[in-house]
Every structure is written in C-alpha cells, then in structure tokens.
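Counting in this note's numbering, the sequence shown runs from 150 upward without gaps.
We treat Cβ as the ideally placed atom computed from N, Cα and C, and that holds for glycine.
Inspection log for the structure reproduced underneath, given as structure tokens.
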Amino acid sequence: MPAAAFFSAALPPPSRTLSRRLVVSRAAAAAASASASSSSGWQGGGGVEFQGKVGFLGLGIMGAPMASNLIKAGCDVTVWNRTKSKCDPLLSLGAKYEPTPAQVASSCDVTFAMLADPQSAAEVACGSSGAAEGLAPGKGYVDVSTVDGATSKLIGERITSTGASFLEVVPGPCHRLQTLPVQ
C-alpha cells in the first residue's frame, strides 16, 4: 500500500485538523485499533498491510525498540542517528543505514522521527540535509518527537510543502516498546 493511502486508510477521521496537520489522540488510536478487524482495509491483528520501506530518525528510548520490532517482523527499515554507533545494533539485525535524514526520507515510503527536543526535531526535519529535502508526494513523515505546538506546526508546514503527508503523534509511556508485538 502506498504511503499516502496508508495514512488515509489507517486512521479514523481526525478529531482536529489544522492545515493538513493530523493530530491523533490516544483515544482515536485505541478506537482505530479496536475497529481494525471489522474494516476492509485492515489485516488481522489490528494492523494495516504495508509493504513499503520504513525510515527511523532518532534511535533513543523510543526509536530503537520500534525499529527493532519492525526489523524482526521482516520490515525493510533504514535508520539514521546523530551518533552513528546507536545504529549498530539495528544494522546487525538487518537495518540499512543512510548518512543524512534527507537520504533516509528519500529512500523510504514512510519516515518516523523520534527526537528528544524541539530544536533537534526542527533541524532533522527542516535543516540542511533534513528529511524534508528527501520527501515528495506519496511519501509520509510521522513525527513522534517531543516538541511544542509551534515547532510541530513549523515541521508540518515544511513537510506538507513537499507534497508528503505529515502525521503528528503525541508520545506516551515507553516502557512497553521492547515487547509490543508487530503483526
């Protein structure tokens, strides 16, 4: 399924949309998961069939476990981190590496960004060799970074200016990410 179709099929209608910026609350995500088995676009186990390439920018407490689970489930994952050595455990599992966020975004259908602060998130998305430089129509950018509303709006506007889809995800507790199943 192409990234643009994935974004529109995988989520319920947003509770709030601001200039093509979709915000999904925990309740909406739970509702999407609960209705997964009855919706024709969903596959068993509460997931959407997605055969595309997935990128991860930021391999800290959230990014590394999520990327690891996807790799173990057989997904094609490309990673980048400011400290390249944080990529090594994922490379040993079969991930690919790209030297810039732009190259990750260019080589992937959907790119997840998980940065620790607004400045890092904005730089990785919008800066020189940032993800936006590698995005185009049909691609998606999912921002799970710890940012304020103004930074998220800035990132969302830059990402959507490329024609790519933008999804802001408000992160929750991370303690279960190591064991969260991927189906």
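Check: Residue environment, Asp-258, which counts as buried when at least 16 other CB atoms sit within 10 Å; Outcome: buried
Check: First through last residue of the alpha helix (DSSP H) which encompasses Lys-302; Outcome: 298-309
Check: Supposed contact pair Pro-214 and Trp-229 - C-beta distance, whole angstroms, cut 8 Å; Outcome: Between Pro-214 and Trp-229 the Cβ distance is about 16 Å, and since that is not below 8 Å, they are no contact.
Check: DSSP three-state assignment for Ile-279, whether helix, strand or coil; Outcome: According to the sequence as given, residue 279 is Gly; it is not Ile. Looking at Gly-279 - three-state DSSP - the assignment turns out to be coil, as it is neither helix nor strand.
Check: Gly-204 vs Thr-232 beta-carbon contact at 7 Å; Outcome: no
Check: Counted within 10 angstroms of its Cβ, other Cβ atoms place Ile-308 as buried (16 or more) or exposed; Outcome: buried
Check: Same chain only: Cβ atoms within 6 Å of Gly-209, ignoring 5 sequence neighbours per side; Outcome: none
Check: For Asp-237 and Gly-243, the rounded distance between their alpha carbons; Outcome: 10 Å
Check: The beta strand (DSSP E) enclosing Leu-206, as first and last residue numbers; Outcome: 202-206
Check: Ser-310 versus Glu-282 - alpha carbon distance; Outcome: 11 Å
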